[in-house]
Amino acid sequence: MAAAPAQTGYLYHETYFWHNAGHVQSFTNNIEAWRHWENPETKRRFHNLVAVSGLLDKLKHLRPRPATDEELARVHCPEYIRRVKEMSDDDSKGHHTAGDVATFAPGGYHIAALAAGGAIVAVEAVLRGEVRNAYALVRPPGHHAEADRGMGFCIFNNVAVAAAHALSQQHHGLARVAIVDFDVHHGNGTQHMFESDPRIMFISLHQDSNYPLRSGYMTETGEGAGEGTSLNLPLPPGSGSGAYRAAFNRLVLPALETFRPQLLLVSAGYDASYMDNLAAMILSSEDFGWMMGQLVDAAERLCGGRLVALHEGGYSELYVPFCGLAALEALSGEKTDVQDPWLHEVQSWGYQELQPHQEAVLTAAEGLLLPKLRGAVERLEQQERQQRVDKLQQQQQEEEGEEEEEEKH
Numbered sequence: 001m002a003a004a005p006a007q008t009g010y011l012y013h014e015t016y017f018w019h020n021a022g023h024v025q026s027f028t029n030n031i032e033a034w035r036h037w038e039n040p041e042t043k044r045r046f047h048n049l050v051a052v053s054g055l056l057d058k059l060k061h062l063r064p065r066p067a068t069d070e071e072l073a074r075v076h077c078p079e080y081i082r083r084v085k086e087m088s089d090d091d092s093k094g095h096h097t098a099g100d101v102a103t104f105a106p107g108g109y110h111i112a113a114l115a116a117g118g119a120i121v122a123v124e125a126v127l128r129g130e131v132r133n134a135y136a137l138v139r140p141p142g143h144h145a146e147a148d149r150g151m152g153f154c155i156f157n158n159v160a161v162a163a164a165h166a167l168s169q170q171h172h173g174l175a176r177v178a179i180v181d182f183d184v185h186h187g188n189g190t191q192h193m194f195e196s197d198p199r200i201m202f203i204s205l206h207q208d209s210n211y212p213l214r215s216g217y218m219t220e221t222g223e224g225a226g227e228g229t230s231l232n233l234p235l236p237p238g239s240g241s242g243a244y245r246a247a248f249n250r251l252v253l254p255a256l257e258t259f260r261p262q263l264l265l266v267s268a269g270y271d272a273s274y275m276d277n278l279a280a281m282i283l284s285s286e287d288f289g290w291m292m293g294q295l296v297d298a299a300e301r302l303c304g305g306r307l308v309a310l311h312e313g314g315y316s317e318l319y320v321p322f323c324g325l326a327a328l329e330a331l332s333g334e335k336t337d338v339q340d341p342w343l344h345e346v347q348s349w350g351y352q353e354l355q356p357h358q359e360a361v362l363t364a365a366e367g368l369l370l371p372k373l374r375g376a377v378e379r380l381e382q383q384e385r386q387q388r389v390d391k392l393q394q395q396q397q398e399e400e401g402e403e404e405e406e407e408k409h
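Using the UniProt record's numbering, the letters of the sequence shown correspond one by one to residues 1 to 409.
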């Protein structure tokens with residue numbers, strides 16, 4: 001058996017930083033226009049920190065390509081793809097909208113397609129064994145985008161496009177893919193695209209009753225054949241290190257062990273940090289490094305280390321770079337000399353330990369979600385066994401048919 005590649009892949013492109021979401025007038029028009037929350041600086045500064053830390057030199061650079069219409073159409077409606085492309089080509093307006101707070105400038109289709117294609121490239125590099133695992137610094141983000149519309153700063157759903165590619169029989173034909181989303185906002189688009197597909201397990205840790213509203217309830221566990229494979233953990237505002245680490249130890253990691261994926265995808269958002277303006281959580285950079293480290297270890301145990309992390313949200317220009325670097329250090333196993341200047345401050349805050357009301361949410365999740373997942377996996381295993389039997393019978397019939405043809409001649 002060939003040794004696993006040592007390097008971590010790192011994918012980015014200067015064009016990602018050119019995505020123009022306009023000015024902040026989302027949620028209301030009755031304010032003086034201001035720089036959009038989803039502006040390039042958080043990710044540009046993250047990339048710059050990766051470079052000056054010396055870590056960039058230890059990673060394998062992966063070059064993105066645009067996703068094709070066929071690749072996008074595995075999860076998005078063709079009419080929606082056509083509409084985004086048409087708006088993107090219209091330079092008579094300064095900005096267009098793909099859906100709820102999902103604005104983009106002329107040319108935005110090409111950048112969004114490059115982000116989705118970058119996700120595919122990262123998955124390909126891992127599944128082909130070119131890299132051990134990979135981090136894709138893509139923009140615009142993707143996990144809110146629905147099949148027929150953009151949403152929440154997202155145009156195309158990057159992680160969903162990547163998962164669908166991995167499942168495609170034309171390519172790798174994987175049987176099980178897990179997606180863990182620790183962005184502070186519920187990954188509604190990803191959930192809806194796969195909630196009826198038992199081959200995808202989706203886990204979302206997010207702030208309760210944040211964006212999108214009325215989304216990501218614990219009772220949303222999947223539909224039809226996918227019942228039990230959507231696991232939502234809406235954590236109370238103010239959750240910190242203790243709540244997230246307990247959630248991983250008691251829900252995320254046991255769920256991964258139960259599902260046993262062949263590939264682990266991570267929607268890595270850093271907006272649960274204590275400095276973020278669009279949430280009310282209190283995580284530190286060290287917490288993000290710990291979470292990524294746990295996922296790396298799980299991938300090593302379960303799927304040969306095959307893990308691809310895709311950058312989602314995070315809106316603190318000061319703090320996202322340190323959170324992302326900590327995650328990338330954990331992913332690559334390479335520690336830099338960079339020190340988080342705010343780490344002591346956030347770790348000194350009160351309520352970092354698991355609180356009673358957070359414990360109640362976790363207890364409810366354990367009782368509801370894990371049994372449902374076990375039932376879903378049992379059904380999936382039965383289906384996989386039947387598929388193997390059917391395939392064997394088909395092969396036997398084909399062989400018998402070939403023998404009959406030979407006898408005739």
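In this text, a Cβ means the ideal position worked out from N, Cα and C, and glycines have one as well.
Since the model is a prediction, treat every value here as computed from it, not as a measurement.
1) Do Y319 and M275 have their C-beta atoms closer together than 9 angstroms?
2) Given a threshold of 16 other Cβ atoms within 10 Å of its Cβ, counted over all protein chains shown, does S230 qualify as buried or as exposed?
3) Indicate the three-state DSSP secondary structure (helix, strand or coil) for Q352 in the structure shown.
4) What residues match up with W60 in a beta bridge as DSSP calls it?
5) Classify D208 as helix, strand or coil using the three-state DSSP reduction.
6) If we call anything under 9 angstroms between Cβ atoms a contact, is L235 one with Q191?
7) Can you tell me whether E403 is buried or exposed? The criterion is at least 16 other CB atoms within 10 Å of its CB, across all chains shown.
8) I'd like the list of long-range same chain contacts for V131, defined as Cβ closer than 7 angstroms, with 5 residues on each side in sequence excluded.
9) Could you check the C-alpha separation between P198 and H344 for me, to the nearest Å?
10) Just mark L213 as buried or exposed, buried being the case when its beta carbon has 16 or more other beta carbons within 10 Å.
11) Which same chain residues end up closer than 8 angstroms to S88 when comparing Cβ atoms and leaving out the 5 residues on each side of it in sequence?
12) With distances taken from CA atoms, which of P341, V180, S348 is nearest F202?
13) Could you give the DSSP three-state label for Q396: helix, strand or coil?
14) Roughly how many angstroms lie between the CA atoms of F248 and G117, to the nearest whole one?
15) With a CB to CB cut of under 7 angstroms and the five nearest residues on each side skipped, what residues in its chain are close to V346?
16) The beta strand (DSSP E) with A327 in it runs from where to where?
17) Is T219 helix, strand or coil when you go by DSSP?
Answer, in terms of the structure:
1) Yes. Within cutoff.
2) So S230 ends up on the buried side.
3) Of the three classes helix, strand and coil, the one that applies to Q352 here is coil, per DSSP.
4) Here residue 60 turns out to be Lys, not Trp, going by the sequence shown. DSSP lists G9 as partners of K60.
5) Assignment of D208 by DSSP, reduced to helix, strand and coil, places it in the coil class.
6) In this structure, Q191 does not lie closer than 9 angstroms to L235 by Cβ.
7) By the 10 Å Cβ count, E403 comes out exposed.
8) If the five residues before and after V131 are omitted, its C-beta is found closer than 7 angstroms to the C-beta atoms of P5, Q7, T8, G9, K60, A125, all from its own chain and listed in chain order.
9) Near 43 angstroms, if we compare the C-alpha coordinates of H344 and P198.
10) L213 should be labelled exposed.
11) Excluding sequence neighbours, S88 sits near H96, F104, P106, G107, G108, Y109, H110.
12) Considering only alpha carbons, the answer is V180.
13) Helix.
14) Between the C-alpha atoms of F248 and G117 there is a straight-line separation of about 30 angstroms.
15) So the qualifying residues of the chain are Y274, I282, S284.
16) Not the beta strand (DSSP E): A327 falls in the alpha helix (DSSP H), residues 320-332.
17) T219 falls in the coil class under three-state DSSP.
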